[in-house]
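Student: Got a structure for you, questions after.
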Amino acid sequence: MQIEIKDVHKTFYSKDGEEVKAVAGVDLTVTDNEFVSVVGPSGCGKSTLLEIVGGLTGLTNGEVLIDGEPISGPHPAVGLVFQQESAFPWRTVLENVEFGLEMHGVAKGERRERSRELIELVGLKGFEDRYPGELSGGMRQRVAIARTLVMNPGVLLMDEPFGALDEQTRLILGEELLRIWSKTKATALFITHSIEEAALLSDRVLVMSARPGSIRKVVTVHLERPRDSSVVSTHEFGDIVGEIWKVLREESMKTLKSQGQI
Amino acid sequence: MSYAARVRLTRWAVILAAIATLEFMPRLGLGDAITLIPLSEIVSELFELLTEGELMPHLLATGGAFVLSFLLAGVTGVPLGYLLWRYRPLKRTLDPYLTTYYAIPIFAFYPLLLAILGFNILPIVAISWAWAVVAVVLNTSIGFGEVPQVLIKVGRSMNLSRWQIISRIFFPAAVPYIFTGLKLGMVYSLIGVIASEFVLSTQGLGYLVSYNYLNFRTAAMYSAMFVILGLAILLNLALTRIERRLYGHV
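Residue numbers (the numbering used here), protein chains in the order written: chain A, 100 to 361; chain F, -11 to 238.
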């Protein structure tokens, strides 16, 4: 499936009535089965952009099209994975994964079967009857990913899904994510603040400007697929990271200066 | 011996020491013979009261008033807590009253309640309900406030209906807090009933303590106290068990 983001603007009004421009004129087309990451300084509006595409937040101007259709709310073929803990603590792993299917009236036998497949795909086989509280943070995030993927989304939106984890875990889970994603054929839009993670996963990496967010640079990643985290040590990878960092550094400096931190 | 085993042993030792103190202090002549009597005499009196069926009507009266007031507190408290969370102006208006609520000795209003409701079970239920309901309301409203927004987003991103989000995500996420409120409410109801029975009743365990005290039936008074203690411990055990069942894994 294809995502088209056309000249999207988003303006908030803070409590004191102040106008805050979060996103200012983002244009982007993510083609079928492409993996695109967005990096940007904190507070640049990248999460807002993702929520707009996910239909959770309205936009002030512009439009978002999924396979040519403008969206006006959550699109049934779009799946979201969030940064914050989102596995339901009162449901077991299996019950978590089958949640969406259950809510949409899929018969028990079928949803069990599909959920078990997904649980195996994300590497949680044997943990079906555990509760999220008994799992590690990385495993809980896999539960959330499986819960989204079981719905068979044509578009997968991820907002820093491994953001709360340490760098090593993040790279290894990123590698896992690539393996899972290659089986789903979903179009992926991925938000992160880790340059390495973005370069490892993506076909293209977009660097966003400081607030109000717009796209400063697009870096195409020509690393061969399937990839694993060992590419991190190659020259090409280093070059890509350097290219991204050059732009991101400028934008991050702007953000820090505007906050008076440097 | 492991640390846990030592802790357990110490706990039992405390109970045994308490029993021994209660038994031997009066026998050694420490404390006067009317107010303090050996534990063994209390136990035999308790056994007699139980077998003769003298306790039963009182147990039933207390139990009935307690169940009624607790159920009422739950049935009214949870929806009120929801409303309080849902309508900000309501919460802002009521906040000072709610936070100072437990500073008010509500038992002092018993003459008023007697005048309004008559000399029957109603004033007892009313006091116990009033004592318990606010704990339920407060914890419920806190619980709804603590539901992480991201869980709601999960529901919205899955195109769930409003009702599905409320009943399948929002409510279960708030359950641990609501349960804490119900637990407190249960204890407060029991305290409310027993304390009210001292003055508002001719039946019930609270009445029994007061009546026996006034008539110098010390052993019977202590028996009633022990029954109350036993009831409180049993309730607590039951609650802990339900709690573990519900969300021991959270």
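Just so you know, even glycine gets a beta-carbon here, dropped at the ideal spot from N, CA and C.
1. What are the boundary residues of the beta strand (DSSP E) that tyrosine 165/F is part of?
2. Compute the distance between the beta-carbons of glycine 173/F and glycine 65/F, then report whether it is under 8 Å.
3. Whose Cβ in chain F lies nearer than 7 Å to the Cβ of threonine 185/A?
4. When the cut-off is 8 Å and only beta carbons count, does valine 163/F lie next to chain A?
5. Using 10 angstroms around the beta-carbon of methionine -11/F, count the other beta-carbons present and answer buried if the total reaches 16, otherwise exposed.
6. Which value, in whole angstroms, describes the spacing of the CA atoms of glycine 133/F and leucine 139/F?
7. In terms of DSSP beta bridges, what is phenylalanine 289/A paired with?
8. Pick helix, strand or coil for proline 111/F, following the three-state DSSP scheme.
9. When the cut-off is 8 Å and only beta carbons count, does leucine 148/F lie next to chain A?
10. Report all residues from its chain with a CB closer than 7 Å to the CB of aspartate 184/A; omit the five preceding and five following residues, and keep chain order.
11. Chain A beta carbons: is any one of them nearer than 8 Å to that of serine 145/F?
12. I'd like to check one pair, valine 119/A with threonine 110/A: are the Cβ atoms closer than 8 Å?
13. By DSSP's criteria, lysine 282/A is part of a beta bridge. Which residues make up the other side?
14. Glycine 153/A to glutamine 358/A, Cα distance in whole Å?
15. Residue range of the alpha helix (DSSP H) that methionine 209/F falls in?
16. In whole angstroms, give me the CA-to-CA distance for leucine 71/F and isoleucine 104/F.
17. Comparing the C-beta of glycine 153/A with each C-beta of chain F, is any distance below 8 Å?
18. Do you know how far the Cα of lysine 171/F is from the Cα of threonine 283/A?
19. So what does histidine 46/F bridge to, in DSSP terms?
20. For tryptophan 344/A, go through chain F and note every residue whose CB falls closer than 7 Å to its CB, in chain order.
21. Quick check for students: name the residue ranges of the beta strand (DSSP E) that lie wholly in the region 141 to 194 of chain A, counting only runs of 3 or more.
22. If you follow the beta strand (DSSP E) that tyrosine 89/F is part of, which residue opens it and which one closes it?
23. Could you give the residue range of the alpha helix (DSSP H) that holds leucine 37/F?
24. Could you compute how far the alpha carbon of serine 235/A sits from the alpha carbon of glutamate 216/A?
25. If you run the structure through DSSP and keep just helix, strand and coil, what is glutamate 365/A?
26. Taking C-beta pairs closer than 9 Å, name the residues in chain F that methionine 238/A reaches, listed in chain order.
27. Hey, isoleucine 218/A and valine 196/A: beta-carbon distance below 8 Å or not?
28. Closer than 7 Å, Cβ to Cβ, to anything on chain A: give me those residues from the region 177 to 196 of chain F, in chain order.
29. For glycine 312/A, which residues of its own chain have a beta-carbon under 8 Å away from its beta-carbon, when the five flanking residues on both sides are left out?
30. Taking a contact to mean a Cβ-Cβ separation below 8 Å, would you say alanine 287/A touches phenylalanine 134/A in this structure?
31. Along chain F, in chain order, which residues have C-beta atoms closer than 8 Å to that of phenylalanine 181/A?
32. Between the alpha carbons of valine 122/F and threonine 168/F, how many angstroms are there, rounded?
33. Mind checking the region 204 to 224 of chain A against chain F and listing, in chain order, the residues whose C-beta falls within less than 9 Å of any C-beta there?
34. Who are the Cβ neighbours of leucine 56/F in its own chain at under 6 Å, not counting the five residues just before and after it?
35. Check the Cβ-Cβ distances between proline 77/F and every residue of chain A, and say whether any is below 8 Å.
36. Return the CA-CA distance between arginine 80/F and asparagine 127/F, expressed in angstroms with no decimal places.
Tutor: In this structure, then:
1. First-last for tyrosine 165/F: 159 to 188, but that is the alpha helix (DSSP H), not the beta strand (DSSP E).
2. yes
3. Checking the sequence shown, residue 185/A turns out to be serine, not threonine. Under the 7 Å cutoff, chain F gives Val138, Leu139, Val142.
4. yes
5. exposed
6. 13 Å
7. Ser136/A, Met257/A
8. helix
9. yes
10. It should be noted that the sequence gives glutamate, not aspartate, for residue 184/A. Cβ within range, chain order: Arg239.
11. yes
12. yes
13. DSSP output for lysine 282/A lists no bridge partner at all.
14. 29 Å
15. 206 to 235
16. 28 Å
17. yes
18. 47 Å
19. Bridge partners of histidine 46/F: none, in fact.
20. Under the 7 Å cutoff, chain F gives no residues; its nearest Cβ is about 30 Å from tryptophan 344/A.
21. 160 to 165, 177 to 180
22. Note, tyrosine 89/F: premise wrong, no beta strand (DSSP E); not H, not E.
23. 27 to 40
24. 21 Å
25. Because chain A here runs from 100 to 361, residue 365/A falls outside it and cannot be looked at.
26. Under the 9 Å cutoff, chain F gives no residues; its nearest Cβ is about 14 Å from methionine 238/A.
27. yes
28. none
29. Ala121, Val122, Ala123, Val125, Gly139, Cys143, Gly144, Lys145, Thr147, Leu148
30. yes
31. Val138, Lys141, Val142
32. 12 Å
33. none
34. Val113
35. no
36. 16 Å
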